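Numbering (UniProt numbering), first residue to last: 1 to 614.
Beta carbons are placed, not taken as given, at the ideal position from N, Cα and C, and that holds for glycine.
Since the model is a prediction, treat every value here as computed from it, not as a measurement.
This report concerns only the one structure given below.
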DNA sequence: GGATATGTTGACGGC
DNA sequence: GGCCGTCAACATATC
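Shown next as structure tokens:
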């Protein structure tokens, strides 16, 4: 729609003289939809109209004939912006409100991604996940090309990079998606300050999660919900998640250009694994290519299975199927290649008019678990640590390097490691085939089923090895393609019965649990070929097999494959008692359930009384 | 403020 | 194969 300035003025005049009674009260009356003449004609959002009107401090009385010349001028003059949209997570064009905000009234757009040295310094990232990131960036660049733009990959610390870019590109506006992780918050606050110093407007939009985590916390009296049911109650008071916004098209870029020169490929190109100091020969099989395009295809593929989607119950899916029994959309959601809101509303469409499963076990339920942990991570200080974490039971975990290595290191002869020689590989392992197979799949493929994560996490912590969940957290952080700070910490807290989940006497058996869905042990044989000749009877407990069976299987336990490092029946019983003691200490003298809490209650009561008396 | 219901997904034995 | 009770007994939310 092309509207010239005169026509624009006429439309606005009509609107103001009939509806608009001056004063800021009228802003609340501006309808949000496209039928609103102000929004339609000016191409501004309600928020932007509000900002502009606030800026000029319009006076109370309308001019002659109900015309407000200053208002008109302010709203019809299209300021031109030079925007940076900063991609961090949210590596996508669809449902990216901050990117759309960057494009509004913009004549020069620089979409950037920053290779921030903080990450490799402070976070372990496997070569598999680097590959996923690179592919996602490459796909993002391709998708930007389609709308006549490009991705600039900038190398350096954000706080040092931005002042240079602001000057170099004469930037007036910076947009990005809200991120609630501790480092992100600190980094973004710093960048916001720098932007202010350079007169750069900052626009932040919530689009990583279904809901604004800070709002959820506020609605729950300033505390993140500690149970799923509580979260659901709070969310139902807020209402359904916002609908996703459409991907920008070349129409959005009509009056806007991205200045790209061929020489920029050198400076701002997509990095290679080598540039990132990664060894491509260590890559596992290429099962889950990164990127928005792949994410949307994968979503389509799974959402076509209407019956499967409607019947989906997470606990009924198999941790040890030979191909994933769930969608494996998690890496795509983690990097923001797929919008959680798009996923959510797609499910709404499929569920409509059909009988379907419900949270917490349904696919909607899975997205809500993500909200649960994001909210907890946003609202609980030291969420990824035991000490200083108010939600976390303080447990006297052991330090046991030998056990930890046995759990975390790669099994010999794993499919992704066949090129390596025995001496290249750490030789430690737990001796429980189910546990070792899962850890092998994790290390080589970068994804394991949620219940498989339960099995190995319980084994490392409260079940068998009595090693701190923080150690497991580090290993998952490195190896999982979908490693997401809040979800990783939250799930480790859960599995170790340190927070959210407290029935610590329910322990996963490293033998029995896998048998339920894979009697023959095909999963074990796939990831631990050394055990492939064992009969089903002994595949979960090869150490119990007679010598003759081991010889026939060409695998002597204790020589070719280790004996179990612990006796599960013994240590799990002992560990339950240790957990019991840790919980007793918590409710005894130094936990939140203790006298200090009682004091808090009293204090609240006295404050209430104080106000009553007044 | 004490009692009660509930909590995504345990293992095991018996029917 | 599915359902049930037992094992031993946790925290949180709600009334």
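Same chain only: Cβ atoms within 7 Å of residue i, ignoring 5 sequence neighbours per side
| i | result |
| --- | --- |
| residue 526 | 322 |
| residue 367 | 210, 340, 343, 344 |
| residue 271 | 115, 134, 153 |
| residue 572 | 463, 464, 507 |
| residue 214 | 378 |
| residue 303 | 309, 346, 350 |
Test item: CB-CB of residue i and residue j under 8 Å
| i | j | result |
| --- | --- | --- |
| residue 176 | residue 295 | no |
| residue 93 | residue 143 | yes |
| residue 462 | residue 496 | yes |
| residue 384 | residue 466 | no |
| residue 153 | residue 268 | yes |
| residue 357 | residue 312 | yes |
| residue 138 | residue 481 | no |
| residue 373 | residue 486 | yes |
| residue 546 | residue 561 | no |
| residue 459 | residue 540 | no |
| residue 492 | residue 472 | yes |
| residue 360 | residue 449 | no |
| residue 521 | residue 536 | yes |
| residue 234 | residue 252 | no |
| residue 226 | residue 391 | yes |
Classification of residue i by the beta-carbon crowding that lies within 10 angstroms, buried from 16 upward
| i | result |
| --- | --- |
| residue 316 | exposed |
| residue 164 | exposed |
| residue 346 | buried |
| residue 173 | buried |
| residue 348 | exposed |
| residue 556 | exposed |
| residue 286 | exposed |
| residue 416 | Unreliable positioning characterises residue 416 in this predicted model, as indicated by a pLDDT of 48, which lies under 50. The coordinate reading is nonetheless provided below. Classification for residue 416: buried. |
| residue 301 | exposed |
| residue 381 | exposed |
| residue 488 | buried |
| residue 455 | buried |
| residue 146 | exposed |
| residue 241 | buried |
| residue 498 | buried |
| residue 186 | exposed |
| residue 247 | buried |
| residue 628 | Only positions 1 to 614 of the chain appear in this structure, which leaves residue 628 out of reach. |
Contact belief for residue i with residue j at Cβ below 8 Å, rounded distance in angstroms
| i | j | result |
| --- | --- | --- |
| residue 102 | residue 126 | Wrong, their Cβ atoms sit about 32 Å apart, outside the cutoff. |
| residue 444 | residue 407 | Contact doesn't hold; Cβ gap of about 16 Å is too wide. |
| residue 529 | residue 447 | Not quite, the Cβ-Cβ distance comes to about 20 Å (not below 8 Å), so this is no contact. |
| residue 320 | residue 518 | 4 Å |
| residue 400 | residue 250 | Not confirmed; about 59 Å, so no contact. |
| residue 150 | residue 260 | 4 Å |
| residue 288 | residue 229 | Incorrect: roughly 33 Å between the Cβ atoms, too far for contact. |
| residue 393 | residue 586 | 5 Å |
Sequence-distant residues of the same chain with beta carbon closer than 6 Å to residue i, five excluded per side
| i | result |
| --- | --- |
| residue 280 | 273 |
| residue 566 | 464 |
| residue 202 | 174, 192, 195 |
| residue 553 | 533, 534 |
| residue 244 | 95, 339, 341, 342 |
| residue 352 | none |
| residue 314 | 361 |
| residue 277 | none |
Contact set for residue i: own chain, Cβ-Cβ below 8 Å, skip 5 residues either direction
| i | result |
| --- | --- |
| residue 136 | 91, 290, 291, 292, 335, 337 |
| residue 204 | 98, 175, 176, 177, 178, 188 |
DSSP three-state assignment for residue i, whether helix, strand or coil
| i | result |
| --- | --- |
| residue 546 | coil |
| residue 346 | helix |
| residue 111 | strand |
| residue 469 | helix |
| residue 398 | strand |
| residue 176 | strand |
| residue 274 | coil |
| residue 106 | strand |
| residue 203 | strand |
| residue 257 | strand |
| residue 534 | coil |
| residue 422 | Here residue 422 scores only 39 on pLDDT, less than 50, and its place in the model should not be relied on; the value that follows carries that caveat. Correct three-state label for residue 422: helix. |
| residue 152 | strand |
| residue 243 | coil |
| residue 540 | coil |
| residue 169 | coil |
| residue 281 | helix |
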